[in-house]
Amino acid sequence: MTEFQHKIHDIVIKIPKGSVVTYKEVAQLAGRPKAYRAVGNILNKNYNPVIPCHRVIRSNGEIGGYNKGSDLKRKKLLTEGIICGKII
DNA sequence: CGTATGACGTGCA
DNA sequence: GTGCACGCCATAC
3 MTEFQHKIHD IVIKIPKGSV VTYKEVAQLA GRPKAYRAVG NILNKNYNPV IPCHRVIRSN
63 GEIGGYNKGS DLKRKKLLTE GIICGKII
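See below:
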């Protein structure tokens, strides 16, 4: 567990229900605005259910990816009230 | 330590 | 709007 990972987890956990954040936003909040790649990498390896990684989407509005499948991510977002027919 | 990879982003044709 | 290339950071090998 590195400090960066801890920060990312903490930030993602603090994402309110019904809201979404972009990878760049998370990286910026973590103090590394240009580490959005690392953010995705960490979330990809992170299988911790306490982390709502499904609330992290791409800056262009795309769903992005998900550990358990992008389809489940889209479904979760729909359940939380995020408007996403398919992609944007 | 150097290379390769990845849930990305931006710029340019 | 689409496609390609470059950059940037952390992790794995």
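This note's numbering puts the first sequence at residues 3 to 90.
Don't be surprised by glycine CBs; every beta carbon is placed ideally from N, CA and C.
Sort the options by Cα distance to residue i and report the nearest one.
i, options, result
"R39", "A29, G33 and K47", "A29"
"V8", "K19, A32 and E64", "This sequence places His at residue 8; Val is not what is there. That would be A32, whose Cα lies nearest to the Cα of H8."
So is residue i buried or exposed if we call it buried at 16+ other beta carbons inside 10 Å?
i, result
"Y49", "exposed"
"I15", "exposed"
"V41", "buried"
"V58", "buried"
"K36", "exposed"
Please report the straight-line C-alpha distance between residue i and residue j, rounded to a whole angstrom.
i, j, result
"G67", "V23", "14 Å"
"E82", "D73", "14 Å"
"I13", "E27", "10 Å"
"I84", "R34", "27 Å"
"M3", "L80", "31 Å"
"H11", "G20", "18 Å"
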